[in-house]
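Everything on this sheet refers to the single structure shown next.
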Amino acid sequence: LGAAWSSTKIEWKPIPVGLGIAFLGLLQFYKSQRAEKERLEREAALPDGEEVAQRRRVRPSGPWQVQIMSTLPLKALSRVWGRFNELDIPYYLRVPGFKLYSWIFGVNLDEMAEPDLHKYPNLAAFFYRELKPGVRPLDPNPAALLSPSDGRILQFGTIENGEVEQVKGMTYSLDALLGDKSTVSSAVQAVIPVKKPHHIVQHPDKDSESMATDEEFAKMNGLSYTLPSLLSGRHKFPDHKDVIDASTHSTSSSEAKVKEELAKGQTAWWMPKPISNTALYYVVIYLAPGDYHRFHSPTPWVVESRRHFAGELYSVSPYLQRTLPGLFTLNERVVLLGRWRWGFFSYTPVGATNVGSIKINFDAELRTNSLTTDTAADRAAALAAKNGETYPGFAEATYSHASDTLMGHALQRGEEMGGFQLG
Amino acid sequence: SSIVLVFEAPHDVQKGAGAGWKWDIEKGQRVKVGQALGEV
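Note that the protein sequences, when read in sequence, are chains A and B.
According to the working numbering, the first sequence is numbered sequentially starting from 1.
According to the working numbering, the second sequence is numbered sequentially starting from 424.
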């Protein structure tokens with residue numbers, strides 16, 4: 001033994017990278033298991049109301065890939081990725097670097113407002129590029145709902161029984177996506193002051209823009225109504241007679257009974273009124289890394305409030321959408337709620353790991369993928385529990401003070417609303 | 424990133440009469456800003 005000990009040559013070799021990653025993965029898995037166990041113990045010790053509030057936080061379920069992903073600090077990764085992409089790229093590396101990125105992700109460089117690639121100091125600026133005027137003409141049909149962004153249609157259809165179908169038949173409920181109509185605590189609700197809405201009008205024969213009144217704007221766009229009249233309910237749409245079918249009119253007593261009966265089935269706030277002849281529709285658009293990442297208003301509508309769900313930042317790639325049920329209800333998202341000509345309208349940008357921040361141009365207060373977001377949500381949840389209220393899982397702000405005449409922030413079709421930014 | 428639109432529109436049971444909502448897109452289709460997704 002002594003001879004072997006003294007004569008055996010010792011060779012030092014590096015530990016394989018894969019082994020290191022596996023060790024870190026196991027460590028994270030162990031930590032998450034322990035955290036989950038502690039959470040369950042904490043919940044068991046809570047009073048009933050608080051326990052319910054805690055359980056409202058949705059947790060992912062799925063195959064082992066999803067379970068491992070759910071243990072990763074995705075928000076921290078996203079922030080690091082964002083910081084990295086805000087580092088200035090050396091001047092002479094910008095053109096080859098951005099051209100390589102464009103070749104990999106299919107960016108059309110001819111559409112960019114600023115064609116000189118040297119002028120984009122970093123990938124974050126290039127990612128949030130603007131387009132040349134006129135390269136995205138709006139559909140001339142004023143009755144059309146426009147695409148809010150460049151991208152790919154993942155899913156669209158009618159909402160049946162309050163559930164949005166995800167890819168491959170997986171579903172999630174609207175309440176989970178948009179939040180329910182619970183009374184929001186003053187702790188999590190704020191009134192956001194925004195500038196008075198107006199319409200920017202591009203003159204067809206000039207390169208200039210000017211302000212237009214609601215009436216002028218409506219006339220120019222071939223609309224038979226103005227937004228204030230739409231929202232105040234004073235205007236009756238001549239071509240919207242199907243809302244109340246005359247054949248269903250009856251005596252006031254029987255009508256009251258029918259309404260009462262129908263109201264029993266109207267369990268969710270976003271459901272169309274039982275008396276109307278409308279339905280709920282949805283469409284999901286996926287933006288690939290090479291796409292133009294600003295988003296626009298698809299129709300003339302009014303945003304009345306926004307709900308910020310802090311959530312996580314899983315990738316929203318088509319693969320993960322197939323793999324992870326209810327992905328959109330887990331991710332950080334900003335739900336904009338409002339009204340359009342036909343009733344309820346909602347617009348929900350959903351964040352992802354690589355594009356962590358969602359920017360809304362008319363909401364300076366909104367901070368997404370922020371270190372303070374989580375703590376603010378935690379504080380709000382604790383305060384709501386202290387006040388005996390149920391924390392709805394989101395922070396809400398209303399735009400009710402946006403205008404003297406409008407209950408919300410008005411947007412015209414095609415108007416830029418915001419965008420997704422790196423990190 | 425993704426964008427989800429959820430909206431109320433006239434029911435498409437009267438599609439033949441041109442009164443309801445009608446989609447102008449297909450699943451998997453590439454779209455650009457300003458392109459029509461559907462119409463009433």
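All C-beta atoms, glycine included, are put in the ideal place defined by N, C-alpha and C.
**Q.** A:A144 - partner residues in DSSP beta bridges
**A.** Answer is B:E462.
Q) Do the segment 144-154 of chain A and the segment 453-461 of chain B make contact, defined as three or more Cβ pairs closer than 8 Å? A) Cβ pair count under 8 Å is three or more, so yes.
Q: Using beta-carbon positions only, say whether A:F156 and A:Y319 come within less than 9 Å of one another.
A: In this structure, A:F156 sits away from A:Y319, with a CB-CB distance that is not shorter than 9 Å.
Q: Assign A:Q67 to buried or exposed, taking buried as 16 or more other Cβ atoms, counted over all protein chains shown, within 10 Å of its Cβ.
A: An exposed status is given to A:Q67, since fewer than 16 other beta-carbon atoms sit within 10 Å of its beta-carbon.
Q. From which residue to which residue does the beta strand (DSSP E) around A:Q421 run?
A. E416 to Q421 is the extent of the beta strand (DSSP E) around A:Q421.
**Q.** Closest Cα partner of A:M407 within the set A:F344, A:G343 and A:E304
**A.** If we check each option's Cα against that of A:M407, A:E304 comes out closest.
Q.
Under 9 Å, Cβ to Cβ, is there at least one residue of chain B near A:W81?
A. The beta carbon of A:W81 does not come within 9 Å of any beta carbon belonging to chain B, so the residue lies off that interface.
Q) Taking 9 Å as the CB-CB cut-off, is A:V302 touching chain B? A) By this cut-off, A:V302 is not an interface position.
Q: Scan the segment 298-360 of chain A and note each continuous beta strand (DSSP E) run of 3 residues or more that stays entirely inside, going in chain order.
A: Segments of the beta strand (DSSP E) lying fully in the segment 298-360 of chain A: 301-309, 333-340, 343-350 and 357-360.
**Q.** Closest by C-alpha distance to A:V284, when choosing among A:S346, A:N277 and A:P300
**A.** Checked all of A:S346, A:N277 and A:P300; the closest Cα to A:V284 is A:S346.
**Q.** Contact set between A:Y453 and chain B, taken where Cβ atoms lie within less than 7 Å
**A.** In this structure chain A extends from 1 to 423, so residue 453 of chain A is not present and cannot be described.
Q: In the DSSP assignment, find the unbroken beta strand (DSSP E) run with A:G157 in it and report its ends.
A: Counting along the chain, the beta strand (DSSP E) containing A:G157 begins and ends at G151 to T158.
Q: Can you pull the chain B residues whose beta carbon is under 9 Å from the beta carbon of A:D424, in chain order?
A: Since the first residue shown for chain A is 1 and the last is 423, residue 424 of chain A is missing from the structure and cannot be characterised.
**Q.** Beta-carbon separation (whole angstroms), A:T353 vs A:L74, contact threshold 8 Å
**A.** The beta carbons of A:T353 and A:L74 sit about 5 Å from each other, so the pair counts as a contact at 8 Å.
(Q) Given this structure, state the Cα-to-Cα distance separating A:D205 from A:E415, to the nearest angstrom. (A) Low confidence applies to A:D205: its pLDDT is 41, below 50, so where it sits in the model is not reliable enough to give any reading.
Q.
Just checking: is the beta-carbon of A:D296 within a distance shorter than 9 Å of some beta-carbon in chain B?
A. The amino acid at residue 296 of chain A is misidentified as Asp; the sequence shows His. Yes, A:H296 counts as interfacial toward chain B.
(Q) Which residue wins for smallest C-alpha separation from A:L109, given the options A:L93, A:N122, A:F126 and A:P121? (A) When only C-alpha atoms are compared, the closest one is A:F126.
Q | C-alpha distance - A:F344 paired with A:D291, whole-angstrom precision | A | Taking the straight line from one Cα to the other gives about 28 Å.
Q. Just to check, is the beta-carbon of A:A125 closer than 8 Å to a non-hydrogen atom of the ligand SAM?
A. Of the ligands one can find in the structure shown there are none, so the ligand SAM has no counterpart to examine.
(Q) Only counting the same chain, and skipping five residues up and downstream in sequence, which positions put a Cβ closer than 7 Å to that of A:G419? (A) Excluding residues within five positions, the ones whose Cβ falls inside 7 Å are Y128, H293, R294, F295 and K359.
Q. Leaving out the 5 sequence neighbours to the left and right, which residues in its chain are closer than 6 Å to A:Y430 when beta-carbon positions are compared?
A. Because chain A is modelled from 1 through 423, residue 430 of chain A falls outside the range shown and cannot be assessed.
**Q.** Cutoff 7 Å; reference A:W342; Cβ partners in own chain excluding five residues on either side
**A.** Closer than 7 Å at Cβ, skipping near neighbours: T278.
(Q) Using the Cβ count rule (16 or more neighbours within 10 Å means buried), how would you classify A:A45? (A) Classification for A:A45: exposed.
Q) Who are the near neighbours of A:L117 in its chain, counting only those whose CB is closer than 6 Å to its CB and skipping five residues on each side? A) Residues of the same chain with a CB within less than 6 Å of the CB of A:L117, apart from the 5 flanking positions on each side, are R94, V95 and F98 in chain order.
**Q.** Reference A:L138, options A:L422, A:L327, A:R413 and A:W301, closest by Cα
**A.** When C-alpha distances from A:L138 are compared across A:L422, A:L327, A:R413 and A:W301, the shortest belongs to A:R413.
Q) What does DSSP give as the partner residues of A:F295 in its beta bridges? A) Residue pairing for A:F295: DSSP places it in a beta bridge opposite A:G418.
Q. Taking the C-alpha atoms as reference points, what is the distance between A:F309 and A:A288?
A. Rounded to the nearest angstrom, the two C-alpha atoms are 22 Å apart.
Q: May I ask you to report which of helix, strand or coil DSSP gives A:Y434?
A: Since the first and last residues shown for chain A are 1 and 423, residue 434 of chain A lies out of range.
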